[in-house]
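Have a look at the structure below, then the notes.
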Amino acid sequence: MESPSLHRLAYVSTYRSGRVDGELTALRAILSVSRKNNEAADVTGYLIFDGESFIQVLEGPHDALQATMDRIARDERHRDVAVLATQPIETRSFREWKMGGYRRTPAQDPIFAAHGILGKIDRSRIDYETAVSLAQALSLGDARSP
Ligand SMILES: Cc1cc2nc3c(=O)[nH]c(=O)nc-3n(C[C@H](O)[C@H](O)[C@H](O)COP(=O)(O)O)c2cc1C
68 MESPSLHRLA YVSTYRSGRV DGELTALRAI LSVSRKNNEA ADVTGYLIFD
118 GESFIQVLEG PHDALQATMD RIARDERHRD VAVLATQPIE TRSFREWKMG
168 GYRRTPAQDP IFAAHGILGK IDRSRIDYET AVSLAQALSL GDARSP
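In the numbering used here, the protein residues as written are 68 to 213.
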């Protein structure tokens, strides 16, 4: 049974390039820590990165989700972290925590375009529904590709 306190949140943020770590190193570090922490906290979700902006959807029991988001918001590898909404849900859309590839690829452009994102992510135009729908569509695409 899923926890009755199951919630989902989505946020957008802007990548802040490190003075020491390159982009790839930073992303790899985020991925490995997140997999471990999220599995322990029963948090699942999906992370999108296009080289400039992050969109992340996270799902889990309310308190675990909040604790995870508090840590993420303090992370200096990104800035202007804006939570779009936090809402109760009945079932998860994401069964595991995943990053959609390391970085957005041209093959995903049609999925971004279907969500009104024609070039780079314009974070001022992303709302909660768009973020969730985009993450769902990208994760389905991942499942279909070999
Ligand atoms: C874009 C982005 C997404 C992240 N996603 C997660 C996540 O889903 N889960 C997580 O535990 N940490 C995530 N992190 C890493 C956290 O900010 C933090 O570094 C990590 O949880 C370790 O926290 P601690 O050093 O306080 O233990 C993310 C960081 C960034 C920049």
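Note that CB positions come from ideal geometry on N, CA and C, so glycine has one too.
Candidates the options, of which the one nearest residue i by Cα
i           : options            : result
residue 167 : 121, 90, 69, 72    : 121
residue 205 : 93, 116, 148, 156  : 116
residue 86  : 175, 208, 143, 194 : 143
residue 170 : 207, 94, 139       : 94
residue 111 : 127, 149, 156      : 127
residue 114 : 130, 185, 76, 107  : 76
residue 172 : 165, 187, 164      : 187
residue 196 : 123, 97, 131, 88   : 123
residue 118 : 100, 156, 131, 90  : 90
residue 129 : 201, 108, 139, 192 : 108
Simplified DSSP state of residue i, which is helix, strand or coil
i           : result
residue 147 : strand
residue 138 : helix
residue 179 : helix
residue 132 : helix
residue 103 : helix
residue 188 : coil
residue 80  : strand
Residue i beta carbon near ligand 1 (any heavy atom closer than 8 Å)
i           : result
residue 123 : yes
residue 194 : no
residue 144 : yes
residue 159 : no
Distance between beta carbons of residue j and residue i, contact taken as under 8 Å
i           : j           : result
residue 181 : residue 151 : Not a contact, Cβ separation roughly 19 Å.
residue 74  : residue 158 : With a Cβ gap of about 12 Å, residue 74 and residue 158 do not count as contacting.
residue 83  : residue 162 : Wrong, their Cβ atoms sit about 30 Å apart, outside the cutoff.
residue 135 : residue 104 : 7 Å
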